[in-house]
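Q: Protein chains in written order, with the numbering used here: chain A, 1 to 422; chain B, 1001 to 1289; chain C, 2001 to 2282.
Think of the CB as a built atom: it goes at the ideal place given N, C-alpha and C, for glycine as much as any other residue.
This one's a predicted model, so the numbers in the text were calculated from it and none came from an experiment.
Starting off with a structure, shown below.
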Amino acid sequence: MAKRKMFSLFMALATVSSILFSGCGSQSDNGKVVIELVHYKPEAVRYFEEVEEQFNSSHDNIELKISSPNDAVTVLKTRFIREDNPDIIGIGGDFNYANFIDADILMDISDFDGLKSIKQTYLDIGENLKFVPVKGVYGVPYMSNAAGILYNKDMFTEHGWKIPETWNELISLCEEIKNAGILPFYMGYKDTWTCLSPWNSAASSLADAEVCKEVNKGNTTFSKEYVTVAEQMKALLKYGPDEPVAYSYNDACTAFARGESAMFMIGSYAVPQIKTVNPDLNIDSFVYPAADTKEGNLLTSGIDLQFCITKDCPHKEEAYEVLRFLLEDENVQAYMDNQNALACKEGNFNLAPIFDGMKEYITESKVTDYQDHFYPSEMSVDAMVQTYLLDGDTESFLNKFDTAWIRYNRDLIEKVKNFEEG
Amino acid sequence: MEGNKNGRGRTFLLITIPIVLLFFTFNTLPLIQGVIYSFTNFRGFGSYDWVGLRNYIDLFQDARVGASYWFTFRLAIVSTIVVNVISLLLAMGLNSKIRFKSTLRGLYFLPNVLGGLVVGYIFNYFFTYILPEITKMLGGNGGSMLANTKTAWIAVVVVCAWQAIAMNTIIYISGLQTVPEDVYEAGSLDGATGVNKFRYLTFPLILPFFTINMVLCMKNFLMVFDQIMSLTKGGPAQSTESISYLIYNNGMSGGQFGFQSANAVLFFVVIVAISVCQMTFLGKKEEQL
Amino acid sequence: MGKKSDKNVEKYNIGITVLLIIGLVTIIFPLYMTVVIAFKQPSEMTNSMKGLLSLPKSFSLDNFREAMRVTDFWHSLGNSLLITLVTIALSIVVHSLIGYALGRNKSKSKFYNFIYLYLVSGMFVPFAILMMPLVKQTSRMGLSNWVGVVLLYVVFYMPMNTMLYSGYLTNLPLALEEAACVDGASTWKTYWTIIFPNMKPMHATVAILTALGTWNDVMTPLVIMSGDHNTLPLAQLNFQSQFGTNYNLAFASYLLALLPIVIFYIICQKQIIAGVANGAVK
């Protein structure tokens, strides 16, 4: 009796499943080359859907399939394990990318003609990410973002506050805002990664761009290089909420959107989230003024999205065709409008208003990469910074930074050493 | 009769072997592979080198791993006690003669239906905005439990317990219903009431269910992951990093797959040892009664 | 326990009832928050207690509609249902069988006792260590699909369910089977006609435990299934990116995902609790 019940249940399920999962499986062979693109920006899914449609309607020989999975880095890693690599991957210019190059997963695309149209700054940033200077280009920088300080423009105009250009001016501005009874900064340090936003901004101007590499070579230590960065982070705490570690990134966005603070140290990527809470908020940004002179400041900007071709991709030419299409000016502009991003391509693109205050740095390419793109994620530098902000002990924090760095980068340091020795 | 017995033995074997094979294929085999990775510096993809026992040696020198064991065990022990006490009381309440019995039972079960991630998000709001305001009203300093390294783990206990109590209550209710009325009748003739009745009549009879609950609780809490992910992400100041969280975060998301495999192997050994002790101890108790 | 010494069977214990109803606050309050947030618009969110607990401006179903669109609700629901139901069905059949084989033999046979401990210890293998090897293995076996996910669930829940079934079996005396045996029925047949139906309460418990675990699981389908066959929890990841989470939509979606399992529980509840009394032959 029970068996029969089970059996009929199975039959029913089997029928359902055949309906649900039909359509899965290999492509119908219509003679087209299928190019699969997997990227890690699910928030830009609408843009990519449109690209996919336009590309396919204008190309007879290639079929582009784009997927925007959630948690794409995990998905990509499982695809690599399965040896089921997508043709093109869209990832950020960060530690993962360096790892993928090191693991020999990506194709050298130095012969791709589209590279000529990319700003040299971003090509350099991409080059610099490699653990050791291996030959070749492995990614086409597509979009970048910028981090600094977002501010409530209406609030600033109302009180006549001036945009600070040096560290001292920033502090006196904070005092002024505080005296006006307004909270200068909101902080969402419960989400540890947000600690890295001011950290990166400060480090961009105060520490050398190559500091991690120099440490790997044994030429310097973080205890020497990061003192001012750490001190600035600590100094800003008193201009934030009472318990910055209590609030998450989302909470901070909400608070800033509702005018609970004048400024927010975060990247341009936060704007869409802020606007969901208050679409009418007038936001602008300025570069985090870490240095003592205006000239000493650099804008923190890194490769937010780049396209790489996997090594065993059998259709290199077709993949290049997809990249060319993505790099067409109107598609670049569409992405920028859609995601408040900055193009890595040369050209006269319209910048989102959020970048008004950073324009000078962007056009003059006075930019440098996020330092955390060189930190291995398992070292959890973000959590270490959060710990430091809670206990405030700069010296022990930096010592811990140095020891942890050596511990987590042991194999890499070894590799660098072997490379240097030839 | 004799032939029947042989047939019975064969049937048992025929049932056991394919199922054990299935289990071996999808659990033991990958585990063995994981153990092999624990002797490498595998990142999760690409090439790797053998590093011998380095990962295991590192394991005992890594302060972060040590802290995660301390946090996880403290959490598991406290939560297990809290959950079992509350759910036993709740089960007795829900099993007594009350009005709206099935509605109440249904409602008390609801927390278990929500996934661990969802519960974490809800309680995030509670701990960040509601509890501090309430404590402030009561004259406290209005600090958030989640922002304090001394109290964050208690918040995790609350969330874990809130969710786990439901299932344990159900199991205890099932247990209580196996206690026949006449036991109580016999007991009340002997003058057993209140605490004594529970201790000498009810508890021994539901001991098997107690064993199941203890083991389930310990297992679930030692492997706590979802709640950490959604509630604290290991913070503040890395004070709530559970072992599973560390293994996933650094092994899967990060590039420490080999090292965290070694951690997982150690964790497995520890947890099996504990459970064997627990089950032998409780099993002995069961036999005594 | 209250004082039930008076033999008046019809009388409800009001004291306990009241206490239990008061205790419900701890359950209702977080759920109330979920519902309120699910109905609000992001612009209604404020960072204060009052803002969180106040009723939404309007109880419009927009969030739910949008959540259903974003998650491709019916399709994802179908996938989730399929995976969960097949897992439950297989678990009940497979785990009760192995629970029976081990439960009847482990106390007198070293071999079966070893198998029992071997299976149960599988409960404590952290999933993270199995993940990478499993991805590779399932893909080689052509199981990077829902069938693979179901098989893995059957294996993952085997330790716990085997423990539950073989534990429950001590409630079913051997005499039950022996009677049938004398009539000439084989062990296999006896199992299906006598033991399996008698374990009904445990089936319900196993079903609900397994269902809860699989219904809310993200990790297994995320790493095992390739392609874009989302389950509900997978689709719900859509609400979250590093640079922003729409909790209003997310909570609306969680409530939607809650419904099937609540219905399932309501169906099972009688079995789980009330059934135990009938099942237990003491």
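(1) Compare the C-beta of Tyr375(A) against all C-beta atoms of chain C and say whether one is closer than 8 Å.
(2) Taking Cβ-Cβ distances shorter than 9 Å, what residues in chain B pair up with Lys190(A)?
(3) Compare the Cα-Cα distances from Lys2040(C) to each of Ser2058(C), Asn2079(C), Glu2066(C), Ile2083(C) and report the closest residue.
(4) Helix or strand or just coil, what does DSSP make of Val1224(B)?
(5) Using 10 angstroms around the beta-carbon of His373(A), count the other beta-carbons present and answer buried if the total reaches 16, otherwise exposed.
(6) With C-beta atoms as the reference, is Tyr151(A) less than 8 Å away from Met263(A)?
(7) With distances taken between CB atoms, is the gap from Asp280(A) to Ile125(A) smaller than 8 Å?
(8) Quick one, are the C-beta atoms of Val1065(B) and Leu1246(B) less than 8 Å apart?
(9) Do the region 1072 to 1084 of chain B and the region 1156 to 1175 of chain B touch if we need at least three Cβ pairs shorter than 8 Å?
(10) Taking the alpha-carbon positions, what's the Leu76(A) to Val38(A) distance?
(11) Evaluate contact between the region 174 to 190 of chain A and the region 231 to 247 of chain A, counting only Cβ atoms and requiring at least three cross-stretch pairs below 8 Å.
(12) Measuring straight from C-alpha to C-alpha, what distance separates Asn282(A) and Gly240(A)?
(13) Note down the Cα distance separating Asn350(A) from Met2141(C), rounded to an integer number of angstroms.
(14) Listing by chain order, which chain A residues have their CB less than 8 Å from the CB of Lys2136(C)?
(15) Hey, could you find the ends of the alpha helix (DSSP H) Thr394(A) is sitting in?
(16) Roughly how many angstroms lie between the CA atoms of Thr276(A) and Ser68(A), to the nearest whole one?
(17) Mapping the DSSP letters down to three states, classify Met2199(C) as helix, strand or coil.
(18) Could you please give the first and the last residue of the uninterrupted alpha helix (DSSP H) stretch that includes Met187(A)?
(19) Output, in sequence order along the chain, the residues in the region 2045 to 2072 of chain C whose CB is closer than 7 Å to any CB in chain B.
(20) How about Leu1117(B) and Thr1232(B): do their beta carbons lie closer than 8 Å?
(21) Exposed or buried, Ser248(A), counting other C-beta atoms within 10 Å across all chains shown (16 or more means buried)?
(22) Using alpha carbons as the reference points, say which of Trp161(A), Cys344(A), Pro164(A) lies closest to Leu305(A).
(23) For His159(A), count neighbouring C-beta atoms within 10 Å of its own C-beta (all shown protein chains included) and say buried if the count is 16 or more, exposed if not.
(24) Give the single residue among Leu129(A), Pro164(A), Pro86(A) whose Cα lies nearest to the Cα of Asp94(A).
(25) Checking contacts by CB at 8 Å: is Ser22(A) closer than that to chain C?
(26) Is any heavy atom in the ligand ADP found nearer than 7 Å to the beta carbon of Phe256(A)?
(27) Are the Cβ atoms of Cys308(A) and Ile89(A) separated by less than 8 Å?
(28) Are the region 2191 to 2209 of chain C and the region 2043 to 2057 of chain C touching by the rule of at least three beta carbon pairs closer than 8 Å?
(29) What residues match up with Gly302(A) in a beta bridge as DSSP calls it?
(30) Label Gln1238(B) either buried or exposed according to how many other C-beta atoms from any shown protein chain fall within 10 Å of its C-beta, with 16 as the threshold for buried.
(31) In this structure, how does DSSP classify Gly93(A) when only helix, strand and coil are distinguished?
(32) Do you know how far the Cα of Ile1154(B) is from the Cα of Trp193(A)?
(33) For Ser204(A) and Arg1054(B), I'd like the C-alpha separation in whole angstroms.
(34) Is there contact between the region 2255 to 2262 of chain C and the region 1109 to 1129 of chain B, where contact requires at least three CB pairs shorter than 8 Å?
(35) Strictly under 8 Å for the Cβ-Cβ distance: is Ser1303(B) near chain C by that measure?
(36) Determine the extent of the beta strand (DSSP E) in which Glu63(A) is found, giving its start and end residues.
A: Straight from the coordinates:
(1) As a working mapping, residue 375(A) is identified with position 375 in the first sequence. It does not: the Cβ of Tyr375(A) has no partner Cβ on chain C nearer than 8 Å.
(2) To locate residue 190(A), count along the first sequence from 1; it is residue 190. Correct list: Asn1124, Thr1128, Ser1144, Leu1146, Ala1147, Thr1232, Lys1233, Gly1235, Pro1236.
(3) As a working mapping, residue 2040(C) is identified with position 40 in the third sequence. With distances taken between Cα atoms, Lys2040(C) lies closest to Ser2058(C).
(4) Start at 1 with the first residue of the second sequence, and residue 1224(B) comes out as number 224. Of the three classes helix, strand and coil, the one that applies to Val1224(B) here is coil, per DSSP.
(5) By one-based count along the first sequence, residue 373(A) stands at place 373. Buried, because 16 or more other Cβ atoms sit within 10 Å of the Cβ of His373(A).
(6) Here residue 151(A) refers to the residue found at position 151 of the first sequence. Here residue 263(A) refers to the residue found at position 263 of the first sequence. Yes; because the gap between Cβ atoms is below 8 Å, this pair is in contact.
(7) The count along the first sequence starts at 1 and reaches residue 280(A) at position 280. The count along the first sequence starts at 1 and reaches residue 125(A) at position 125. Not in contact: Asp280(A) and Ile125(A) (Cβ atoms no closer than 8 Å).
(8) Locating residue 1065(B) in the second sequence gives position 65, counting from the first residue. Locating residue 1246(B) in the second sequence gives position 246, counting from the first residue. Yes, Cβ-Cβ distance for Val1065(B) and Leu1246(B) is below 8 Å.
(9) yes
(10) The sequence position of residue 76(A) within the first sequence is 76, counting from 1. The sequence position of residue 38(A) within the first sequence is 38, counting from 1. If I take the Cα positions, the gap works out to 8 Å.
(11) yes
(12) Locating residue 282(A) in the first sequence gives position 282, where the first residue counts as 1. Locating residue 240(A) in the first sequence gives position 240, where the first residue counts as 1. Taking the straight line joining both Cα atoms gives about 21 Å.
(13) The count along the first sequence starts at 1 and reaches residue 350(A) at position 350. The count along the third sequence starts at 1 and reaches residue 2141(C) at position 141. The alpha-carbon atoms of Asn350(A) and Met2141(C) are separated by roughly 51 Å.
(14) Taking the first residue of the third sequence as 1, we reach residue 2136(C) at position 136. What Lys2136(C) touches in chain A: Ile81, Arg82.
(15) Here residue 394(A) refers to the residue found at position 394 of the first sequence. First-last of the alpha helix (DSSP H) with Thr394(A): 394 to 408.
(16) The residue labelled residue 276(A) in the question sits at position 276 within the first sequence. The residue labelled residue 68(A) in the question sits at position 68 within the first sequence. For Thr276(A) and Ser68(A), the distance between alpha carbons rounds to 22 Å.
(17) Sequence index remark: in the third sequence, residue 2199(C) carries index 199 (1-based). The answer is coil: DSSP assigns Met2199(C) none of H, G, I, E or B.
(18) In the first sequence, the residue the question calls residue 187(A) occupies position 187. It is not in any alpha helix (DSSP H) - Met187(A) carries neither H nor E in the DSSP assignment.
(19) Asn2047, Ser2048, Met2049, Leu2052
(20) Along the second sequence, read from residue 1 onward, the residue named residue 1117(B) stands at position 117. Along the second sequence, read from residue 1 onward, the residue named residue 1232(B) stands at position 232. For Leu1117(B) and Thr1232(B), no; Cβs fall outside 8 Å.
(21) Against the first sequence, residue 248(A) aligns to sequence position 248. With 16 or more other Cβ atoms within 10 Å, it is buried.
(22) The residue labelled residue 305(A) in the question sits at position 305 within the first sequence. Of the listed residues, the one whose Cα sits closest to Leu305(A) is Cys344(A).
(23) For the purposes of this step, residue 159(A) is taken as residue 159 along the first sequence, with counting starting at 1. Result: exposed.
(24) The residue labelled residue 94(A) in the question sits at position 94 within the first sequence. The candidate whose alpha carbon is nearest that of Asp94(A) is Leu129(A).
(25) Against the first sequence, residue 22(A) aligns to sequence position 22. A caution first: Ser22(A) carries a pLDDT of 37, below 50, which makes its placement in the model unreliable, though a value can still be read off. Not an interface residue.
(26) Judged by which ligands are present, the structure shown has none, so any question about the ligand ADP falls away.
(27) Position 308 of the first sequence, counted from the start, is the residue given in the question as residue 308(A). Position 89 of the first sequence, counted from the start, is the residue given in the question as residue 89(A). Going by C-beta atoms, Cys308(A) is nearer than 8 Å to Ile89(A).
(28) no
(29) By one-based count along the first sequence, residue 302(A) stands at place 302. Bridge partners of Gly302(A): Asn145(A).
(30) Within the second sequence, the letter at position 238 stands for residue 1238(B). Per the 10 Å Cβ criterion, buried.
(31) The count along the first sequence starts at 1 and reaches residue 93(A) at position 93. Gly93(A): coil per DSSP, three-state reduction.
(32) Reading the first sequence from its first residue, position 193 is the one you call residue 193(A). Reading the second sequence from its first residue, position 154 is the one you call residue 1154(B). For Trp193(A) and Ile1154(B), the distance between alpha carbons rounds to 23 Å.
(33) On the first sequence, position 204 is the one that residue 204(A) refers to. On the second sequence, position 54 is the one that residue 1054(B) refers to. In a straight line, the C-alpha of Ser204(A) is about 35 Å away from that of Arg1054(B).
(34) yes
(35) Given a span of 1001 to 1289 for chain B in the structure shown, any question on residue 1303(B) remains unanswerable.
(36) In the first sequence, the residue the question calls residue 63(A) occupies position 63. Here the beta strand (DSSP E) through Glu63(A) covers 62 to 67.
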